[in-house]
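2 protein chains.
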Amino acid sequence: MTKKAVLLLSGGLDSATVFAIAKAHGYEIYALSFRYGQRHAIELEAASHVAKALGAKEHKIAEIDLRLFGGSALTANIDVPKHNAVSEIGEGIPVTYVPARNTIFLSFALAWAEVLGAFDIFIGVNALDYSGYPDCRPEFIEAFEVMANKATAYAIDAKQRISIHTPLINMSKAQIIRKGLELGVDYDLTISCYDPTSDGKPCGKCDSCLLRAMGFHENKIIDVAN
Amino acid sequence: MTKKAVLLLSGGLDSATVFAIAKAHGYEIYALSFRYGQRHAIELEAASHVAKALGAKEHKIAEIDLRLFGGSALTANIDVPKHNAVSEIGEGIPVTYVPARNTIFLSFALAWAEVLGAFDIFIGVNALDYSGYPDCRPEFIEAFEVMANKATAYAIDAKQRISIHTPLINMSKAQIIRKGLELGVDYDLTISCYDPTSDGKPCGKCDSCLLRAMGFHENKIIDVAN
Numbered sequence: 001m002t003k004k005a006v007l008l009l010s011g012g013l014d015s016a017t018v019f020a021i022a023k024a025h026g027y028e029i030y031a032l033s034f035r036y037g038q039r040h041a042i043e044l045e046a047a048s049h050v051a052k053a054l055g056a057k058e059h060k061i062a063e064i065d066l067r068l069f070g071g072s073a074l075t076a077n078i079d080v081p082k083h084n085a086v087s088e089i090g091e092g093i094p095v096t097y098v099p100a101r102n103t104i105f106l107s108f109a110l111a112w113a114e115v116l117g118a119f120d121i122f123i124g125v126n127a128l129d130y131s132g133y134p135d136c137r138p139e140f141i142e143a144f145e146v147m148a149n150k151a152t153a154y155a156i157d158a159k160q161r162i163s164i165h166t167p168l169i170n171m172s173k174a175q176i177i178r179k180g181l182e183l184g185v186d187y188d189l190t191i192s193c194y195d196p197t198s199d200g201k202p203c204g205k206c207d208s209c210l211l212r213a214m215g216f217h218e219n220k221i222i223d224v225a226n
Numbered sequence: 001m002t003k004k005a006v007l008l009l010s011g012g013l014d015s016a017t018v019f020a021i022a023k024a025h026g027y028e029i030y031a032l033s034f035r036y037g038q039r040h041a042i043e044l045e046a047a048s049h050v051a052k053a054l055g056a057k058e059h060k061i062a063e064i065d066l067r068l069f070g071g072s073a074l075t076a077n078i079d080v081p082k083h084n085a086v087s088e089i090g091e092g093i094p095v096t097y098v099p100a101r102n103t104i105f106l107s108f109a110l111a112w113a114e115v116l117g118a119f120d121i122f123i124g125v126n127a128l129d130y131s132g133y134p135d136c137r138p139e140f141i142e143a144f145e146v147m148a149n150k151a152t153a154y155a156i157d158a159k160q161r162i163s164i165h166t167p168l169i170n171m172s173k174a175q176i177i178r179k180g181l182e183l184g185v186d187y188d189l190t191i192s193c194y195d196p197t198s199d200g201k202p203c204g205k206c207d208s209c210l211l212r213a214m215g216f217h218e219n220k221i222i223d224v225a226n
């Protein structure tokens, strides 16, 4: 029997790679994206293309407007920081951090997983070449997994453990790209930029664009999409 | 300095009582309600009345349509069970359970708490006279609290612990009502029914109506609202 998995799909390169990895492990993928008031909502088009290209069983987009709370450069009127190189990316937690975003995303994934009877949830968090977000760290994921197993009726009834899978957590951006290319991911479908232009072109200078560029550069590959 | 707290406010009697308790402890209340596709959306009007009557500093209603996933009598086309007495309420987890609902609600509360810099979150869960929901149990709340402290930048930066307060967790429905009356809660503003009529009247036979009736009866008080 094919195992069902819920996968958080952003339209960026990390979650596309996780998709390919989960698929290679034989999971049937239920992809979940969010329109959360992000300034880079164009990533949702990319998510749809990735879901289609990689063969999602279903792709849902949840509407949750986090502009209700603000508090981030991605959901409020705060400028996204721009740099010329990865080495210029500041220390500490950047203003692109969205309060409790991964907690909210994983909670929705958990709700869908329970309705589907799926015990596996995949998320593309990464604790190496990342932006310093607290909710990308392994200790957060572990604590969420413990909580998820106490939160839901199906985990208690089935006596089966819910797992939050983070296959990228210890990979560099270059390793992630290499892995995805091996598995046939078409990165041209993805977009990583936090602050794209009005016609959907990446800015090339936000943290996310710079980390992506570094990953492609280290693999000596030209990034057509970004 | 007044301490800020985020409070999950449903429009029912439990969360109104929690509001009064938190206020009595000196907290400034930021009340959060959800339009989640529930069939009893009339509870949001009740929530607004309670927020006003008890003096919320702010009241936000988040729009998160959980009909996207379904899987519950409250968000899908499944009948709400009706009974004639509390003793008839079935064993096990009822179909009114909404998968991961409190996880999602608390995640949103956490997001707002982080933006506000509030370290206290109040929720009216109750493990005695309740409907058997897994996400109303103390072990779930404790696991959520642990997770919340690993999920957010402000808890890490401030080295201050986020607390999830559940003042009703070990109280019977009758005790909750007695406490609320002592603190001046006007229960006529609240509605507890899972399946109200089209003109907003409680059905009187769902688990929530029956538990409420029992609580008023044990206090020898007439419930005008339900």
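Chains as they are written, first to last, in the numbering used here: chain A, 1 to 226; chain B, 1 to 226. Backbone N, C-alpha and C define an ideal beta-carbon position, used for all residues, glycine too.
Beta-carbon proximity list for residue i, same chain, < 6 Å, skipping 5 on both sides
{"i": "A:Tyr133", "result": "Tyr97"}
{"i": "A:Leu110", "result": "Ala148"}
{"i": "A:Cys49", "result": "What sits at residue 49 of chain A in the sequence shown is His, not Cys. Answer for A:His49: Leu189, listed in chain order."}
{"i": "B:Tyr27", "result": "Lys3 and Ala5"}
{"i": "B:Ala174", "result": "Gly215, Glu218 and Asn219"}
{"i": "B:Ile247", "result": "With chain B running from 1 to 226 in the structure shown, residue 247 of chain B is simply not present."}
{"i": "B:Asp223", "result": "Phe216"}
{"i": "A:Ala56", "result": "Ile29 and Ala31"}
Residue i (DSSP reduced to helix, strand or coil)
{"i": "B:Lys150", "result": "helix"}
{"i": "B:Phe105", "result": "helix"}
{"i": "B:Phe122", "result": "strand"}
{"i": "B:Ile29", "result": "strand"}
{"i": "A:Lys159", "result": "coil"}
{"i": "A:Ala127", "result": "coil"}
{"i": "B:Ala5", "result": "strand"}
{"i": "B:Phe144", "result": "helix"}
{"i": "B:Lys205", "result": "coil"}
{"i": "A:Arg137", "result": "coil"}
{"i": "A:Phe34", "result": "strand"}
{"i": "A:Glu218", "result": "helix"}
{"i": "A:Lys82", "result": "coil"}
{"i": "A:Ala62", "result": "strand"}
{"i": "A:His49", "result": "helix"}
Local Cβ density within 10 Å of residue i, reported as buried at 16 or more and exposed below that
{"i": "A:Thr166", "result": "buried"}
{"i": "A:Lys150", "result": "buried"}
{"i": "A:Gly124", "result": "buried"}
{"i": "A:Lys23", "result": "buried"}
{"i": "B:Glu43", "result": "buried"}
{"i": "A:Glu182", "result": "exposed"}
{"i": "A:Thr103", "result": "buried"}
{"i": "A:Val18", "result": "buried"}
{"i": "B:Asp14", "result": "buried"}
{"i": "B:Gly11", "result": "buried"}
{"i": "B:Asp207", "result": "buried"}
{"i": "B:Ala158", "result": "exposed"}
Own chain, CB closer than 8 Å to residue i, minus 5 neighbours either side, in chain order
{"i": "B:Asn84", "result": "Lys205"}
{"i": "B:Ala41", "result": "Arg35"}
{"i": "A:Ala118", "result": "Lys3, Lys4, Ala5, Val6, Tyr30 and Trp112"}
Nonlocal neighbours in the same chain, by C-beta distance under 7 Å from residue i, ignoring five residues either side
{"i": "A:Ala53", "result": "Asp186 and Leu189"}
{"i": "A:Pro196", "result": "His40, Ile42, Pro202 and Cys203"}
{"i": "B:Ala105", "result": "A quick correction: the sequence has Phe, not Ala, at residue 105 of chain B. Only Leu8 and Phe34 meet the Cβ criterion."}
Check: Using Cβ-Cβ distances below 8 Å, what residues of the segment 196-217 of chain B are close to chain A?
Finding: none
Checklist line | Selection of the segment 143-167 of chain B by Cβ proximity to chain A, strictly under 7 Å | finding: Ala143, Phe144, Val146, Met147, Lys150, Ala151, Thr152, Ala153 and Ile156
Check: Taking any Cβ of chain B, which residues in the segment 65-90 of chain A have a Cβ under 7 Å from it, in chain order?
Finding: Asp65, Leu66, Leu68, Phe69, Gly70 and Gly71
Item checked: Contact the segment 83-100 of chain B vs the segment 133-144 of chain A: 3+ CB pairs below 8 Å -> no
Margin query: Does the structure place the segment 59-72 of chain A close enough to the segment 56-70 of chain B that three or more beta carbon pairs sit under 8 Å?
Written below: yes
Check: Are there three or more Cβ pairs, one per stretch, closer than 8 Å when the segment 174-188 of chain A is compared with the segment 214-222 of chain A?
Finding: yes
Notebook entry, point to check: Should the segment 111-126 of chain B be called in touch with the segment 71-80 of chain B, which here means at least 3 C-beta pairs below 8 Å?
Noted result: no
Notebook entry, point to check: How do the segment 31-48 of chain A and the segment 4-20 of chain B stand: do at least 3 beta-carbon pairs fall below 8 Å, yes or no?
Noted result: no
Next item on the list: Using a Cβ-Cβ cut-off of less than 7 Å, give me the residues of the segment 107-120 of chain B that come near chain A, in sequence order.
Entry: Ser107, Phe108, Leu110, Ala111, Trp112, Glu114 and Val115
Next item on the list: Specify whether the segment 37-44 of chain A and the segment 150-163 of chain A touch according to this definition: at least 3 beta carbon pairs, one from each stretch, less than 8 Å apart.
Entry: no
Margin query: Counting only Cβ-Cβ distances shorter than 9 Å, please list the residues of the segment 178-196 of chain A near chain B, keeping chain order.
Written below: none
Next item on the list: Could you name the residues of the segment 49-66 of chain B whose beta carbon sits closer than 9 Å to any beta carbon of chain A, in the order they occur along the chain?
Entry: Lys60, Ile61, Ala62, Glu63, Ile64, Asp65 and Leu66
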